[in-house]
Amino acid sequence: MENIEKINTLVINAHPEYEFKGSYTSVIQDMYITKLEKLKEENKNLGEIEVLNLYDEKNIIPAIDKKVLKMYRNKWSADGMDDEDAKIDERIQEIVHHFKEFKRIVIVTPVYNYNIMTRLKDYMDNILVARETFKQEKGGKLIGLLNDGRHVTVMQASGSVYEKDNIYTKIDVTNHYLKSMFVDVMGFESFNVVRA
């Protein structure tokens, strides 16, 4: 019997009110998961679907603050890390290793003020770890370490109409940033955007 690699999907919900089923973000997330569950019945290589709600209080995502900066400074110093530093480092390692388990990432996010949601930015800061998801060569060239056929789709709910080259498309920071980080920095094969 042929051993088929299962492609697991991580759905990252970046809506502060992730439990509110009336939001466009929840609607597109539910539609996506329902469709993927049906496809799993026909496609043997589709694996598990996991939803990560970034605004769930149980999901501690360190923000770059003075504690995190102190941890990084101490991690590479001769004195080493104290207990507080070690806890922060352990949590960041948990987040990045969990993220790396998935070959398909789906980010479901609203757009407020044409910018990335704060918890999503915090999450990105936790997965953009040198020697884990990318490396930098001499001269500054970035090499993505997740270049094994990974895919990311951003499902974006907004109150504005996005058309090719209109003002909203030009000032929307979210997709420009995410595409750069996933494709150019981490080495993902594809980046797609679905807007609602």
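Numbering-wise, numbering that gives the first Met the number 0 puts 16 at position 17 of the sequence shown, and it's gapless, one number per residue.
We put the CB at the ideal spot given by N, CA and C, even for glycine.
Around the C-beta of residue i, are 16 or more other C-beta atoms found within 10 angstroms, so that it is buried, or is it exposed?
i: Met0; result: Low local confidence applies: a pLDDT of 47 at Met0 is under 50, so the model's placement there is unreliable, and no value is given.
i: Asp216; result: Here the chain covers residues 0 to 195 and nothing more, so residue 216 does not appear.
i: Thr33; result: exposed
i: Val153; result: buried
i: Arg149; result: buried
i: Gly143; result: buried
i: Asn12; result: buried
i: Leu68; result: exposed
i: Asp175; result: The sequence given here places His at residue 175; Asp does not occur at that position. The residue is exposed, with fewer than 16 neighbouring Cβ atoms inside 10 Å.
i: Phe101; result: buried
i: Asp171; result: buried
So residue i and residue j are in contact, right, with Cβ under 8 Å, and what is the actual spacing, rounded?
i: Leu9; j: Leu51; result: 6 Å
i: Ile6; j: Arg103; result: 6 Å
i: Glu131; j: Val95; result: 5 Å
i: Asp88; j: Met70; result: 6 Å
Please state if the CB of residue j and the CB of residue i are separated by a distance shorter than 8 Å.
i: Ile126; j: Leu177; result: no
i: Ile27; j: Ala195; result: yes
i: Val151; j: Phe187; result: yes
i: Met80; j: Leu145; result: no
i: Gln155; j: Thr173; result: yes
Look up residue i in the DSSP assignment and say whether it is helix, strand or coil.
i: Ala195; result: coil
i: Met116; result: coil
i: Glu89; result: helix
i: Tyr54; result: coil
i: His150; result: strand
i: Ser179; result: helix
i: Val10; result: strand
i: Lys99; result: helix
i: Ile169; result: Inspection of the sequence shows that residue 169 is occupied by Lys rather than by Ile. Helix.
i: Leu141; result: strand
i: Val107; result: strand
i: Lys69; result: helix
**Study point:** In chain order, each alpha helix (DSSP H) run of at least 4 residues that lies wholly inside the segment 14-54
**Key:** Those alpha helix (DSSP H) runs which fall completely within the segment 14-54 and span 4+ residues are 23-41.
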